[in-house]
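The next block holds one structure in the form of structure tokens; read it before the comments.
Residue numbers (our numbering): 6 to 262.
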């Protein structure tokens with residue numbers, strides 16, 4: 006089978022995206038998904054996304070981790086598939102789409118995608134960390150000298166040791182200013198550090214506000230792959246949460262499967 010694919014990236018978080026409105030992709034073939042995501046034997050990406058028809062929204066997003074398994078919500082992937090839908094002519098500058106965690110809406114303006122994330126109300130404050138779910142589970146931990154921090158080593162320890170087989174994404178954070186933070190993320194499913202994680206960036210912004218590290222309802226996050234913004238309303242819980250940043254097509258190709 007010859008498969009047409011597109012490669013997108015959002016602040017360095019990269020994805021293979023396939024138009025699957027005609028159900029051409031073998032969705033249960035986890036080995037094929039893992040091979041396509043492999044950076045040495047396939048196309049190479051942090052995950053694979055299918056765009057499909059949906060009765061209740063503009064389209065459906067189906068997200069796979071790079072290990073081939075169905076993943077939880079991916080914020081940067083969500084922003085990228087919105088840009089892809091616009092490229093296909095499915096939408097113009099506004100969209101509502103379905104994902105594994107429910108309906109999302111987004112807007113596009115000159116390459117910048119503003120994606121509404123889940124409301125957040127349950128936040129667990131631990132002695133040395135914060136845990137919350139922003140569509141995917143996230144551990145948020147402040148560290149010093151983040152540039153030299155051993156993210157893969159320490160992230161793997163926490164991902165397996167603290168959260169077991171199901172695991173959690175692990176975010177290490179350093180404060181840069183009143184409303185500005187630097188983050189590096191170890192992603193489960195990728196089992197390595199990624200250049201950016203949308204749900205992780207969202208989790209960091211909310212966690213820093215919840216713990217009083219910032220009073221701003223608009224937070225700037227420097228990921229390794231670029232800068233994202235998170236804004237929200239706060240009234241006992243976090244609502245109208247938006248992840249804002251660029252998403253772009255890198256290339257189109259064909260591959261024999």
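The C-beta atom is built at its ideal place from N, Cα and C for all residues, glycine as well.
Values in this document were obtained by computation on a predicted structure and should not be read as measured data.
- The beta carbon of residue 24 lies closer than 7 Å to those of 56 and 93 in the same chain, with the five residues before and after it left out.
- In the three-state reduction of the DSSP assignment, residue 160 falls in the helix class.
- Put simply, the backbone Cα of residue 127 is about 28 Å away from that of residue 231.
- Counting along the chain, residue 212 sits inside the alpha helix (DSSP H) bounded by residues 203 to 215.
- Residue 144 and residue 60 have their C-alpha atoms spaced approximately 35 Å apart.
- Residue 6 counts as exposed, since fewer than 16 other beta carbons sit within 10 angstroms of its beta carbon.
- Taking one beta carbon from each stretch, the region 166 to 182 and the region 108 to 120 have fewer than 3 pairs nearer than 8 Å; the two do not touch.
- Around the beta carbon of residue 147, 16 or more other beta carbons lie within 10 angstroms, which makes this residue buried.
- Contact check between the region 11 to 21 and the region 74 to 92: three or more CB pairs, one atom from each, fall below 8 Å, which counts as touching.
- Under the 10 Å beta carbon count, residue 225 is surrounded by 16 or more other beta carbons and is classified as buried.
- Around the beta carbon of residue 152, a 10 Å sphere encloses fewer than 16 other beta carbons of the protein chains shown; the residue is thus reported as exposed.
- Looking at the DSSP output, residue 32 sits in no beta bridge, so it has no partner there.
- DSSP lists 225 and 249 as the bridge partner or partners of residue 234.
- The criterion of a C-beta distance shorter than 9 Å is satisfied by residue 73 and residue 35.
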